[in-house]
Amino acid sequence: MHLILELGNQRRGMSGYDDLSTLVVVPSDRKKLESMGFTTLEQLAMLNEYDLGMGKEKGRAIIQRARNILCNRHIKDIRILKDEVIVTLDQNANDPLIASVKDILKAYTDQFYRNCSLETEANKIKLLNAQNPNYSFDQVVESAKRWQAITQSKQRNELAKQGITLKEDEIVKFAKERGFDGFCDNVFIELKGNETLKRSLGVALFSTFEEPNHVLVIGDPASGKTFAKDIIVENFKDVSNVGAMSTRAGLVMSMASGQLGVLAYSDKKVVLVDEFDKIPEDDVQYIYELLSNGKCSVHSAKVHTDIESHFIMIALGNPKFGAFVGDPMQEINLPPPLISRFSLVIKTPILGDQDRKEVFKKKFQGGSELRKLPEYYNQWVKLARLHNPQLKCSTNKLDTYIDEANQLITRLYRSPLRRDLRMADYARRVPFAMARAEFSDVTDETLDKALSLIKRSIDDWYSKS
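With the first letter of the sequence shown counted as 1, position 297 gets the number 648 in my numbering; the numbers rise by one all the way through.
Given below as structure tokens:
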């Protein structure tokens, strides 16, 4: 059995994203455009005012509008240097975007009206001062300043809608000073022992709703798993806290009422589920699909609908006998196909004597309430999910990482701790979550940390302590 692992960026589908639906023109003009075969803004951006055959002024206005919309959608950042303007896009530069950027920035590169030269590199467009005595580069700079202000204002508004109100550069500085390990240690400082659990919860929080790292935590009573859940509920926003009664009733479909359960309403949320091992058997099939791809079809006496809900699940469960008494792996109280839907499956041992004494002492002294974290931590998670790490590791390290992940499938495919071809996704998502936490890229060091965590989470199941 071989593991096929894709660690590059997923191609973002653009179908319908830049069509003419956002180009505000009268219906008769839109019909004319469509009759000529023009259905996207990118097509219009490549034309001049004479190509449309709709009159010079109208043609110029339509093309300018299309280019403005493309720039407003795809420009992520504009940097203005002494003799250079760097425009960063949210995708690789193509001819329509280059034409649009040149237009809005009054950048002329032809031999007669040359005020700059142009270079492209992946998603960057660089406009360089041509040092032409007849046409000043200042025109480009002034236009860049206006669009820089527009871009920054748009970004602030978009971040505010997602609950990010602190300054972006301050959040990034706060994150880089602490790193992924610092986040896990500081957020879960009151959680004694089990470093694997702390870092697994960090991986879950820094994953995205499109590529979630679902985490399952199975442990003895007094092992800290409920305490960890309470820390997340207390300090992070957009969290659904699902109690044991809701779990028993049904997470996707309520077996009692026939209505939709909490997961149907948890899109773009972190879902914390208590007593996950108590989910009704009839609910399991729906959960398989939602955990895998965020979609499922539900049919009951009262409901016939398609659900689309993309969430990150942190599920807590108990061993088969309430506590681990023998071989831990044989006491996993969930079917292997369901186990395989989780990136990491964590075993939490009961707290040691010294750790329990510290908890008792704190509660005796009146310290039972959870420590409230600064708002930086919540907004750190939200902003980090918008970061898109690049793959910057060596070929040898990547080959070793893939080989190790593949061996885990061979070793565990037929075990209660099912690892199957979904491991290809998890092997990608875990290091990308770690890199996202630090606003960095996936390096050799990131792959080492990810592999160490994955292997520790598995090795813990062979310990009876």
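Ideal placement from N, C-alpha and C gives every residue a C-beta, glycine not left out.
- Between Ser451 and Thr460, the alpha-carbon positions lie close to 13 Å from each other.
- Residue ranges of uninterrupted beta strand (DSSP E) with 3 or more members, entirely inside the stretch 388–469 and ordered along the chain, are 426–431 and 435–440.
- Between the C-alpha atoms of Trp498 and Ser617 there is a straight-line separation of about 36 Å.
- Looking at Asp776, Asp633, Pro686 and His425, the one whose alpha-carbon comes closest to that of Ile501 is His425.
- For Met604, there is no enclosing beta strand (DSSP E), as DSSP gives it neither H nor E.
- Straight-line spacing of the CA atoms in Arg736 and Ala788 works out to 8 Å.
- The stretch 785–801 and the stretch 528–535 touch, with no fewer than 3 CB-CB distances between them shorter than 8 Å.
- In the DSSP annotation of this structure, the continuous segment of the beta strand (DSSP E) that includes Cys647 starts and ends at Lys646 to His650.
- In this structure, the straight-line span from the alpha carbon of Thr577 to that of Pro767 is close to 23 Å.
- Here the stretch 654–670 makes contact with the stretch 610–626; the two share three or more CB pairs at distances below 8 Å.
- Taking 8 Å as the cut-off, the beta carbon of Met604 is found no closer than this to the beta carbon of Ser558.
- Secondary structure at Asn474: coil, using DSSP grouped into helix, strand and coil.
- It is roughly 18 Å from the alpha-carbon of Glu541 to the alpha-carbon of Asp571.
- Lys457 and Ser494 do touch by the CB rule: their CB atoms are close to 5 Å apart, below 8 Å.
- Pairing Asn466 with Val436, the inter-Cα distance amounts to about 12 Å.
- Taking 8 Å as the upper bound for CB-CB distance, Arg416 and Leu374 are in contact here, some 6 Å apart.
- Listed as beta-bridge partners of Asn480 by DSSP are Cys467.
- Straight-line spacing of the CA atoms in Asn483 and Glu408 works out to 30 Å.
- For Ser591, the uninterrupted beta strand (DSSP E) run begins and ends at Val590 to Val593, by DSSP.
- Three or more beta-carbon pairs separated by less than 8 Å link the stretch 728–744 to the stretch 583–598, which places the two stretches in contact.
- Taking the C-beta atoms as reference points, Ile455 is found no nearer than 8 Å to Lys496.
- In this structure, Leu759 keeps its C-beta atom at 8 Å or more from the C-beta atom of Arg773.
- Residue pairing by DSSP places Met664 opposite Val622 in a beta bridge.
- Non-local C-beta neighbours of Phe560 in its own chain, meaning closer than 7 Å and more than five positions away in sequence, comprise Lys619, His661, Phe662 and Ile663, ordered along the chain.
- In the structure shown, Val554 adopts helical secondary structure according to DSSP, grouped into three states.
- Take Lys748, set aside five residues on each side of it, and the residues of its chain with a beta-carbon closer than 7 Å to its own are Asp795 and Leu798, in chain order.
- C-alpha of Leu802 to C-alpha of Ser745: approximately 15 Å in a straight line.
- Assigned with DSSP and collapsed to three states, Asp657 falls in strand.
- For the 8 Å CB-CB criterion, Thr699 and Asn474 do not form a contact.
- Annotation for Gly530: the continuous alpha helix (DSSP H) segment containing it runs Glu519 to Val538.
- Just measuring C-alpha positions, the residue of Gln503, Glu521, Lys629 and Ile658 sitting nearest Leu642 is Ile658.
- If you draw a straight line from the Cα of Asp810 to the Cα of Asp446, it comes to about 52 Å.
- Around the CB of Ala607, fewer than 16 other CB atoms lie within 10 Å, so the residue is classed as exposed.
- Judged by DSSP secondary structure, Lys698 falls within the beta strand (DSSP E) whose first and last residues are Leu695 to Thr699.
- Comparing alpha carbon positions, the residue from Thr761, Val566 and Asn419 closest to Arg692 is Val566.
- If you draw a 10 Å sphere on the C-beta of Val554, you find 16 or more other C-beta atoms in it, and that means buried.
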